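Take a look at the structure set out below.
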Amino acid sequence: MENSTVLEQAAGKRTLPFDALADVVSSLESLERVQARLHALREGLLVMASQLAEAMADDGAGPGSGWRAPERELAERAVAAEIAAATRMSDRTVQRQLGQAVELAERFPLAYRALSEGRISLAHVRAIQEAGAGLFDDDARSRYEAVVVDCAERQAPNRLRRLAAREAEKAQAEPLAVRHERAAAGRCVRVHPLPDGMAELAATLPAAVAYGIHDRLTQMAKKHTELGAAGGGQAAGVDATAAGTSTGEPRSMDQLRADLFADMLLRGAPAGHDTPDGLLAAITARVDITVPVLTLVGDDGPDTETGLGESDVNGPGPAGPTAQTPAPGSKPGRLSRAAAELNGRHPIDPDTARALAGSATGWNRVLTDPVSGAVLAVDRYRPGEDLKRLLRARDSRCRFPGCGIPARELDLDHTHDAALGGATETGNLAGLCRRHHVLKHQSRWTTRQSGNGTLEWTSPTGRIYKDSPPTPASSTMDSEMEPRSGPPGTSGTSGTSGTPGTTPPAASSASQAHPPPF
19 MENSTVLEQA
29 AGKRTLPFDA
39 LADVVSSLES
49 LERVQARLHA
59 LREGLLVMAS
69 QLAEAMADDG
79 AGPGSGWRAP
89 ERELAERAVA
99 AEIAAATRMS
109 DRTVQRQLGQ
119 AVELAERFPL
129 AYRALSEGRI
139 SLAHVRAIQE
149 AGAGLFDDDA
159 RSRYEAVVVD
169 CAERQAPNRL
179 RRLAAREAEK
189 AQAEPLAVRH
199 ERAAAGRCVR
209 VHPLPDGMAE
219 LAATLPAAVA
229 YGIHDRLTQM
239 AKKHTELGAA
249 GGGQAAGVDA
259 TAAGTSTGEP
269 RSMDQLRADL
279 FADMLLRGAP
289 AGHDTPDGLL
299 AAITARVDIT
309 VPVLTLVGDD
319 GPDTETGLGE
329 SDVNGPGPAG
339 PTAQTPAPGS
349 KPGRLSRAAA
359 ELNGRHPIDP
369 DTARALAGSA
379 TGWNRVLTDP
389 VSGAVLAVDR
399 YRPGEDLKRL
409 LRARDSRCRF
419 PGCGIPAREL
429 DLDHTHDAAL
439 GGATETGNLA
449 GLCRRHHVLK
459 HQSRWTTRQS
469 GNGTLEWTSP
479 TGRIYKDSPP
489 TPASSTMDSE
499 MEPRSGPPGT
509 SGTSGTSGTP
519 GTTPPAASSA
529 SQAHPPPF
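According to this note's numbering, the residues represented by the sequence shown are 19 to 536, in order.
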């Protein structure tokens, strides 16, 4: 559809705004497919340019007396410089893009074909390339590519990265423990100068340590904000911080994390700014680890059950099943090579997972369906908030299509409003980030929940998007989000309250009076 036609319809008195919006969305959808095909065409031209550089190097077709060693590198630089000058780009950027294009054409032909047919975007392609870069066996890489390309047609790129990393790990021939040991030898700290008297301090660390540091800084920053709010007589807590309300602390969460980070490293303990040193220093980091149960007990076999633990990264805890103290019924000396996952997205080696399990102060056992991978139940060796733990295990990220905000930052939303009689149970609760929690209650987006925690979102234009809970690490990857289209007013939409066939007002009376959480 021509842009002028869309604008004319939007301005016409007889055209409803959501009808015009539906036309705009359809046009953008078509444009995305065209843009993907153009990206594929550009990748093909870059491959041709790289082949020409190789031919120039082989033929000695360079200036003067020919190319000096390394001929191929110099030829590629010359070609990249030629393209960069014509397109007003950096020649280093062009040379990097030449390498990416050649890798795509030679190592990921299915992704290249899907891009050229407009079925996936360039962002999907880059996610597939990045996760599969370490797959050097052709058969393993082909199996990986077939799975992730199919998944890319139904996933946003940010979700695809997590799923692609999981599939790439499955396809690896070399155990993760061996690769991790090799990679850990490169751990380091470095400083990069920045303008205006600033600098960037970066550390390359094992993933469990890095995430643990970030989580501890976040907890300290939140505690500092809560104490400041409580001191001013204001309701303290994460809700106030997430909602952006004033707590008397002028610094943002990022600024607080940075200040505490510097304070701990330079002083040895956080000063806390009018807060007792020991209060902040006593906070320990918590990380979520999803571990195949056979990895814990040291046995080989199919992954049919996983455990989700909260581990104090640097603190003592009760002894658990480790390589040294296997659980009853395990087979000593036979350690499973199945990878665990950190925070639901980052593979970690079994040795690290067992070490964290051994120091965990509490464990959740997540029971999953061996076929679908759906979370069936969560129990715990110590009493606690069972429902919240189950939902955090099931909804490890925001349940709005395409969103990847992790579980620790989510609100628990009643699909059918609690104020309108919605039950507080797994079949009526889902984790949403604050942005999409507000969107659900303050706009014409609606949702209803079906079996196994699947959410069906209906947009204001009548399009329906199906979002299934994230696939656990021990099960086969399948679609987590499938869009379906339908005309506005005839799609059987559900209201915010979860009642089928109703079209809600812009916001319910309950949500107008009280902002999330509901």
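Here a beta-carbon is modelled for each residue, glycine too, at the ideal position from N, C-alpha and C. It should be emphasised that the depicted structure is a prediction, and the values quoted were computed from it without experimental measurement.
Can you give the Cα-Cα distance for Q118 and G62, rounded to whole angstroms? On the sequence shown, residue 118 is found 100 positions in, with the first residue counted as 1. On the sequence shown, residue 62 is found 44 positions in, with the first residue counted as 1. Distance between the alpha carbons of Q118 and G62: 11 Å.
How many whole angstroms separate the CB atoms of E94 and Q113, which I take to be in contact at a CB cut-off of 8 Å? In the sequence shown, counting from the first residue as 1, residue 94 sits at position 76. In the sequence shown, counting from the first residue as 1, residue 113 sits at position 95. With 8 Å as the limit, E94 and Q113 qualify as a contact, their Cβ atoms being about 6 Å apart.
Cβ-Cβ distance between R412 and G471 below 8 Å: Residue 412 sits at position 394 when you count from the first residue of the sequence shown. Residue 471 sits at position 453 when you count from the first residue of the sequence shown. Their beta carbons are under 8 Å apart, which means R412 touches G471 by this criterion.
Of the residues R197, V196 and A228, which one's Cα is nearest the Cα of V207? Sequence index remark: in the sequence shown, residue 207 carries index 189 (1-based). Answer by Cα proximity: A228.
Are the Cβ atoms of A67 and V97 separated by less than 8 Å? Position 49 of the sequence shown holds residue 67. Position 79 of the sequence shown holds residue 97. It is a contact, given that the beta carbons lie within the stated cut-off.
With DSSP as the reference, please indicate the residues paired to V456 in a beta bridge. What you label residue 456 is simply residue 438 of the sequence shown in a count that begins at 1. The partner list for V456 (beta bridge, DSSP) is empty, contrary to what the question assumes.
Is it buried or exposed for G150, if we count other Cβ within 10 angstroms and need 16 for buried? As a working note, residue 150 is residue 132 in the sequence shown. G150 is buried by the Cβ-count criterion.
Start and end residues, alpha helix (DSSP H) containing L194: Along the sequence shown, one-based indexing puts residue 194 at 176. Its alpha helix (DSSP H) spans residues L194 to A202.
Between the CA atoms of A186 and H198 - distance to the nearest angstrom: For the purposes of this step, residue 198 is taken as the residue at position 180 of the sequence shown. For the purposes of this step, residue 186 is taken as the residue at position 168 of the sequence shown. Going by the C-alpha atoms only, they are around 15 Å apart.
Starting from T464 and walking both ways along the beta strand (DSSP E), at which residues does that stretch end? Here residue 464 refers to the residue found at position 446 of the sequence shown. That run of the beta strand (DSSP E) goes T464 to Q467.
From this set, H57, E163 and R172, which residue's C-alpha is nearest K188's C-alpha? On the sequence shown, position 170 is the one that residue 188 refers to. The option with the nearest alpha carbon to K188 is E163.
Boundaries of the alpha helix (DSSP H) in which D429 is found, first to last residue: Taking the sequence shown and counting its residues from 1, the one referred to as residue 429 is at position 411. Element bounds for D429: not the alpha helix (DSSP H) but the beta strand (DSSP E), D429 to H432.
Give every residue of the same chain whose Cβ lies closer than 8 Å to the Cβ of E443, excluding the five residues on either side of it in the sequence, and list them in chain order. Within the sequence shown, numbered from 1, the residue matching residue 443 stands at position 425. Answer for E443: L405, listed in chain order.
To the nearest angstrom, how far is the alpha carbon of D41 from that of L122? By one-based count along the sequence shown, residue 41 stands at place 23. By one-based count along the sequence shown, residue 122 stands at place 104. In a straight line, the C-alpha of D41 is about 34 Å away from that of L122.
So is M216 buried or exposed if we call it buried at 16+ other beta carbons inside 10 Å? As a working mapping, residue 216 is identified with position 198 in the sequence shown. Looking at its Cβ environment, which holds fewer than 16 other Cβ atoms inside 10 Å, M216 is exposed.
Do you know how far the Cα of R172 is from the Cα of R51? Here residue 51 is taken as the residue at index 33 of the sequence shown, counted from 1. Here residue 172 is taken as the residue at index 154 of the sequence shown, counted from 1. About 14 Å.
Let me know the secondary structure DSSP gives P268 once reduced to three states. Taking the first residue of the sequence shown as position 1, residue 268 is located at position 250. Correct three-state label for P268: coil.
Pick helix, strand or coil for G449, following the three-state DSSP scheme. If you number the sequence shown from 1, residue 449 lands on position 431. Strand at G449.
Taking its Cβ as the centre, do 16 or more other Cβ atoms sit within 10 Å of P35, making it buried, or is it exposed? As a first step, residue 35 must be located in the sequence shown, where it is residue number 17. So P35 ends up on the exposed side.
Measuring CA to CA, which of A141, G449, I138 and A129 is closest to R161? Against the sequence shown, residue 161 aligns to sequence position 143. Comparing Cα positions, the closest option is A129.
So, helix, strand or coil for R481, using DSSP? One-based indexing of the sequence shown puts residue 481 at position 463. Correct three-state label for R481: coil.
Using 8 Å as the Cβ pair cut-off and three pairs as the minimum, do the region 133-150 and the region 168-184 touch? yes
May I ask you to report which of helix, strand or coil DSSP gives T236? Position 218 of the sequence shown holds residue 236. Of the three classes helix, strand and coil, the one that applies to T236 here is helix, per DSSP.
Is DSSP giving I366 helix, strand or coil here? In the sequence shown, residue 366 corresponds to position 348, counting from 1. In this structure, I366 counts as strand in the three-state DSSP scheme.
Please list the terminal residues of the continuous alpha helix (DSSP H) segment that includes C169. Position 151 of the sequence shown, counted from the first residue, corresponds to residue 169. Element bounds for C169: D156 to A170.
Using the beta-carbon count (16 or more within 10 Å), is P368 buried or exposed? Counted from its first residue, the sequence shown places residue 368 at position 350. Buried.
Hey, out of I366, A221, R453 and H242, whose CA is closest to D272's CA? Looking up residue 272 in the sequence shown gives position 254. For D272, the nearest C-alpha among the options comes from H242.
Between which two residues does the beta strand (DSSP E) containing P211 stretch? Within the sequence shown, residue 211 is the residue found at index 193, counting from 1. Start and end: C206 to L212.
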